[in-house]
Amino acid sequence: MTDQLPAIGFFEKYLTAWVLLCIAAGIALGKLAGDGMQVIADLEVNTVNIPVAILIWLMIYPMMVQVDFDSIRRIGPQLKGIGLTVVVN
4 MTDQLPAIGF FEKYLTAWVL LCIAAGIALG KLAGDGMQVI ADLEVNTVNI
54 PVAILIWLMI YPMMVQVDFD SIRRIGPQLK GIGLTVVVN
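The opening residue of the sequence shown carries number 4 in the numbering used here; numbering runs sequentially from there.
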């Protein structure tokens, strides 16, 4: 009996294209809004860029707490319980 691997998703299939697209968008944004981007670049403490640090934290935090993003889609039936938890906490 052979085990079938799940089909690769659309995002994963074209991950290289997404990365290249984001790189191109970043370069274009830097060229078009160069002076405006300098304001963001100047937001740093001890050579640590604050916006970059915040974005990296937002990227890593879900992995640290092991957020299951697929389960977020099924949140609808549990809204009362989630609301109660939010109010109590």
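In this text, a Cβ means the ideal position worked out from N, Cα and C, and glycines have one as well.
Source: prediction; values computed, not measured.
Taking 8 Å as the cut-off, decide whether the C-beta atoms of residue i and residue j are in contact.
i          : j          : result
residue 52 : residue 61 : no
Helix, strand or coil for residue i, going by three-state DSSP, please let me know.
i          : result
residue 51 : strand
residue 69 : coil
residue 78 : coil
**Q.** Runs of alpha helix (DSSP H) wholly within the stretch 8-45 (minimum 4 residues, chain order)
**A.** 13-16, 18-35 and 37-44
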